[in-house]
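Trainee:
There are 2 protein chains.
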Amino acid sequence: MAPAIPGDIPEATVARLPVYLRALQDLADENLGTVSSERLAEMAGVNAAKVRKDLSHFGSYGTRGVGYDVEYLLFQIRRELGLTHDWPCVIVGMGNLGQALANYGGFRDRGFVVAALVDADRAKVGSTIAGVEVSHLDDLASLVRHHNISIGVIATPSPAAQGVADQMIAAGISSILNFAPVVLSVPEGISVRKVDLAVELQILTFYNERRAVVGSAD
Amino acid sequence: MAPAIPGDIPEATVARLPVYLRALQDLADENLGTVSSERLAEMAGVNAAKVRKDLSHFGSYGTRGVGYDVEYLLFQIRRELGLTHDWPCVIVGMGNLGQALANYGGFRDRGFVVAALVDADRAKVGSTIAGVEVSHLDDLASLVRHHNISIGVIATPSPAAQGVADQMIAAGISSILNFAPVVLSVPEGISVRKVDLAVELQILTFYNERRAVVGSAD
DNA sequence: GGGACTTTGTGAACGGAGGAACAAGCCCGT
DNA sequence: ACGGGCTTGTTCCTCCGTTCACAAAGTCCC
Ligand SMILES: NC(=O)c1ccc[n+]([C@@H]2O[C@H](COP(=O)([O-])OP(=O)(O)OC[C@H]3O[C@@H](n4cnc5c(N)ncnc54)[C@H](O)[C@@H]3O)[C@@H](O)[C@H]2O)c1
Ligand SMILES: NC(=O)c1ccc[n+]([C@@H]2O[C@H](COP(=O)([O-])OP(=O)(O)OC[C@H]3O[C@@H](n4cnc5c(N)ncnc54)[C@H](O)[C@@H]3O)[C@@H](O)[C@H]2O)c1
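Chain order of the listed sequences is A and B. Per the numbering used here, the first sequence starts with residue 1, numbered consecutively. Per the numbering used here, the second sequence starts with residue 1001, numbered consecutively.
(1) Short of 8 Å Cβ to Cβ, which residues in the segment 1059 to 1088 of chain B face chain A?
(2) Roughly how many angstroms separate the alpha carbons of V1132/B and R1110/B, rounded to a whole number?
(3) Give me, in chain order, the residues of the same chain whose beta-carbon lies closer than 6 Å to that of S36/A; leave out the 5 immediate sequence neighbours on both sides.
(4) Alpha carbon to alpha carbon, how far is K1050/B from S60/A? Give it in angstroms, no decimals.
(5) Could you give the DSSP three-state label for T156/A: helix, strand or coil?
(6) Let me check understanding here. Comparing Cα to Cα, which of K194/A, G189/A, I149/A lies closest to R1210/B?
(7) Can you say whether M1001/B is buried or exposed, counting buried as having 16 or more other CB atoms within 10 angstroms of its CB?
(8) Classify E133/A as helix, strand or coil using the three-state DSSP reduction.
(9) Does ligand 1 have even one heavy atom less than 7 Å from the beta-carbon of G1065/B?
(10) If you measure beta-carbon to beta-carbon, which residues of the segment 1088 to 1111 of chain B are closer than 8 Å to chain A?
(11) Quick one: using the 10 Å Cβ neighbour count with 16 as the cut-off for buried, is K982/B buried or exposed?
(12) Tell me the start and end of each unbroken beta strand (DSSP E) in the segment 1044 to 1104 of chain B that is at least 3 residues and wholly inside, in chain order.
(13) Hey, does G131/A have any beta-carbon neighbour from chain B nearer than 8 Å?
(14) For N248/A, count the other beta carbons within 10 Å of its own beta carbon; 16 or more makes it buried, fewer makes it exposed. Which is it?
(15) For H147/A, which of V114/A, F75/A, D119/A, L74/A has the nearest alpha-carbon?
(16) Would you kindly work out how many angstroms separate the C-alpha atoms of P6/A and I1151/B, rounded to a whole number?
(17) So if DSSP puts R1193/B in a beta bridge, which residue, or which two residues, is it bridged to?
(18) With H, G and I counted as helix, E and B as strand and the rest as coil, what does DSSP make of L1017/B?
(19) What did DSSP end up calling L1184/B once you bin it into helix, strand or coil?
(20) Distance, Cα to Cα, E1030/B vs V1070/B?
(21) Mind checking whether the beta-carbon of F1179/B lies closer than 7 Å to any heavy atom of ligand 2?
(22) So if I threshold CB-CB distances at 8 Å, which residues from the segment 1197 to 1211 of chain B count as touching chain A?
(23) Measuring only between beta-carbons, confirm whether M43/A sits less than 8 Å from chain B.
(24) Compute the minimum distance between the beta carbon of L1197/B and the heavy atoms of ligand 2, and state whether it is under 7 Å.
(25) Under the rule that 16 or more other beta-carbon atoms within 10 Å means buried, what is N1047/B, buried or exposed?
(26) Can you tell which of A1160/B, L1083/B, L1073/B has its C-alpha closest to the C-alpha of L204/A?
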């Protein structure tokens, strides 16, 4: 899961940058010129010192006594995250989840363009979802090359996930977002992030159960 | 995001239990009687020592020289996670994502029963999704009481999320899984977990961009 | 029954992340 | 020009989590 050696930015910091980014976009929408680390921290749901330390990894973007320039900080974080250009993506597996993802406008808004949709089921190939035609898995490599895709989203059933990942990597994809509840094995240099909803729910039940026990002990 | 004081189990351990659980279920399906920490670690994608230390928090469930009894360990982890009984859930917001979630069989399989579906749009209320009738948001409290729901899933647009969360909490829900890209503020004692796909993608682009820079420097 | 082998459970070292606190630096009003 | 008041950038300390390494404990086979 942990991507190889990232440089010198702590992984925890990287994971927070998108949260700061979203908060800053809200501030920009309200035409706020500057923001203090305290306010930004509150919006992001973290500690103010953490915000300052995170941002200091990239240089001194703030002004003492004033705060951070919203627009400038937005630009810097976007640059750090590589969001200065769009990222073409391919979604593999156009079932329940794949279709919901394809129809979701929130990706496009943030610079993630659904360039291709892929399924192994010939019955689905040829149909159009969210304005994009569904291609067959066999064409994955040529789609990746043609659209210069570097991000792959896996929304297939679990048993197919590893095979799809292998094909993605063979085609040149280096970043994978995996929704199938399996641990993918990938070579060095490939980033994988996994979203597993059942895991999230199970973590919730752990604390729920604990609370019940502790609560009844009062 | 971090749930209050959980007892004495490290948060990181809790987050790994569901992963072990899934691996153990696979082993049980193959009729494997015992498993070593090393094999389990490999399946879960973690370090073997970590597996042993995690499991040791709950007592000595293994046998030296042999490993862990798969069935017994399954039972213990299920018990720890509070998965000995089903958990009724409510999904609020039956758009793209909400419908995909409602139709997803993987929840039911893991003991999460979609007991109620809710939307604010009167045009959607009354329709049936995955065998469950969609109710109006106004009926949330009575649904929660009637079905004894303790888990709420938020799949509404961002601006509605905080309001929905407040209503859930007022109705007695104590665990929330939030898909809207906002930081929810909730009182002490309420667990919230957030799934933000755009954040995941942005983390991937960070490392992708870095790799490109490092790669070209070779 | 005993010795070799396997694997757990845990003590200790290590590294990274979080938070408090403060000096340095900047703005503004006078 | 200068002092008062903010807010950053950073230092230091602490804590949590990871990993190594090994003794304890059990199995298996002869
Ligand atoms: N739907 C959800 O809300 C949800 C939630 C959590 C996790 N997931 C996970 O996401 C994955 C997809 O879920 P779903 O509900 O969309 O399933 P689904 O069965 O509705 O869709 C799966 C799709 O993948 C296609 N497919 C199968 N093998 C393929 C292959 N080798 N290459 C390309 N496409 C292939 C199928 O034709 C089908 O269209 C599953 O792993 C599931 O566990 C889904
Ligand atoms: N669709 C995806 O793949 C996806 C991916 C990532 C994140 N999200 C997030 O999930 C959320 C839902 O996305 P979507 O694509 O399903 O949106 P959508 O617009 O398709 O659906 C939203 C639904 O919520 C209902 N709703 C609005 N206000 C409500 C309220 N106060 N109470 C109850 N219901 C209400 C609407 O009637 C609608 O049915 C959004 O916050 C989105 O950012 C979605």
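Ideal placement from N, C-alpha and C gives every residue a C-beta, glycine not left out.
Mentor: Reading from the atomic positions:
(1) E1080, L1081, G1082, L1083, W1087
(2) 18 Å
(3) G67
(4) 38 Å
(5) coil
(6) G189/A
(7) The predicted position of M1001/B is uncertain, since its pLDDT is 40 and thus under 50; a value taken from the coordinates is nonetheless stated next. Answer is exposed; the Cβ neighbour count stays below 16.
(8) strand
(9) no
(10) C1089, N1096, L1097, Q1099, A1100, L1101, N1103, Y1104, G1106, F1107, R1110
(11) The shown model of chain B, from 1001 to 1218, leaves out residue 982/B, and the question about it has no answer.
(12) 1067 to 1069, 1087 to 1092
(13) no
(14) This structure cannot speak to residue 248/A, because chain A is shown only from 1 to 218.
(15) V114/A
(16) With a pLDDT of only 46 at P6/A, under the threshold of 50, the placement of this residue in the model should not be trusted, and no figure is reported.
(17) Looking at the DSSP assignment, R1193/B forms a beta bridge with L1177/B.
(18) Here L1017/B sits in helix by DSSP.
(19) coil
(20) 11 Å
(21) yes
(22) L1197, A1198, V1199, E1200, L1201, Q1202, I1203, L1204, T1205, F1206, Y1207, N1208, E1209, R1210, R1211
(23) yes
(24) yes
(25) exposed
(26) L1083/B
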